[in-house]
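Okay, so the sequence shown: first residue is 75 according to the numbering used here, each after it adds one. Glycine residues also receive a C-beta, built at the ideal position from the N, C-alpha and C atoms.
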Amino acid sequence: MHYNDGVVPIQDGVDDQAFKRNHTASYYANRVRESLTTRICKMICAMFLFVLFVVGLVAFILWLSLRPHRPRFHVIDFQIPAIAQGTGFENAQIILNVTIRNSNRKVAFHYESIQDAVYYNEQKIGGDVLVAEEFEQEPKNTTSLHGVLSGATLTLSGQQWTDIMNDHAAGSVQFRLEIMSVIRFQLLSWWQTKKHKMYASCPVEVGQDGLILESYRNKRCTVYFI
């Protein structure tokens, strides 16, 4: 074989069959079987994910529709006539009126007894039972509670009354009304949640006439559970 100078030799006659794979019938059958298995697995996974998505969507919608909102307490009236009358604390009365609003569409509230307490300078000066028996508040319902503290339920001391009258002379007197109860949320006619201790804290302020200031009337209370 003669080689010219500067020319790379090329071998002729290379067998092209060396670069070709020899695939048998069993090889193609295995490829088809693997392809079908992969498709079936993908289809099963897709169906599972779809079912999981539908279940999650339904659960989310049910949670939105049944998620209970807390009861809403508002102070409608709060007055101490003796402050303006100057008759002394022996015959003093605290007259109060609050409302409870259930804003839920499908959730009822089941209350046990409801108590109230009044604080002056964070010292309790009276308290009583507003509702002695259990009761159920239906959805989209507003309940009004009325109470009067006097005599044994109004535990004012002489010094506290003096401090109250000093605040009264300065323009207004601040109090805090607290509502307490044990509540259960009734989501369905046959299913209720466990009992929760509930507190509603309502700041109130009365003027020199002994009546609640307009800025505190219908004011929403802070509700918390423990």
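Terminal residues of the continuous alpha helix (DSSP H) containing Q234?
It spans 232–244 - the alpha helix (DSSP H) in which Q234 sits, taken as one unbroken run.
Would you tell me roughly how many angstroms separate the C-alpha atoms of F93 and M117, rounded to the nearest one?
With a pLDDT of 42 at F93, under the threshold of 50, the modelled position of this residue cannot be trusted, and the question is left open.
Please return the same chain residues whose Cβ sits closer than 6 Å to the Cβ of M254, not counting the five positions on each side in sequence.
Correct list, in chain order: Q189, Y273.
Decide if L228 is buried, meaning its Cβ has at least 16 other Cβ atoms within 10 Å, or exposed.
With 16 or more Cβ atoms within 10 Å of its Cβ, L228 is classed as buried.
Whose C-alpha, out of T296, N292, V128, is nearest the C-alpha of V149?
Out of T296, N292, V128, the CA that lies nearest to the CA of V149 is found in N292.
Using the rule of at least 16 other Cβ atoms within 10 Å of the residue's Cβ for burial, across every protein chain shown, is C115 buried or exposed?
Exposed is the call here.
Assuming contact is defined by CB atoms lying nearer than 9 Å, are E279 and S231 in contact in what I supplied?
Not a contact, by the Cβ cut-off of 9 Å.
Return the chain-ordered list of same chain residues with a C-beta closer than 8 Å to the C-beta of Q55, the five sequence neighbours on each side being excluded.
Because the chain spans 75 through 300 in this model, residue 55 falls outside it and cannot be assessed.
From P145 to F259, what distance separates their C-alpha atoms?
Going by C-alpha positions, P145 is about 10 Å away from F259.
Over what stretch of residues does the alpha helix (DSSP H) that includes Q159 continue unbroken?
Element bounds for Q159: 155–159.
By a C-beta neighbour count over all protein chains shown, 10 Å radius and 16 as the cutoff for buried, is E208 buried or exposed?
Residue environment: E208 is assigned as exposed (fewer than 16 neighbouring CB atoms within 10 Å of its CB, all protein chains considered).
Provide the residue(s) that pair with L285 in DSSP beta bridges, ordered along the chain.
BP columns for L285 point to Q153.
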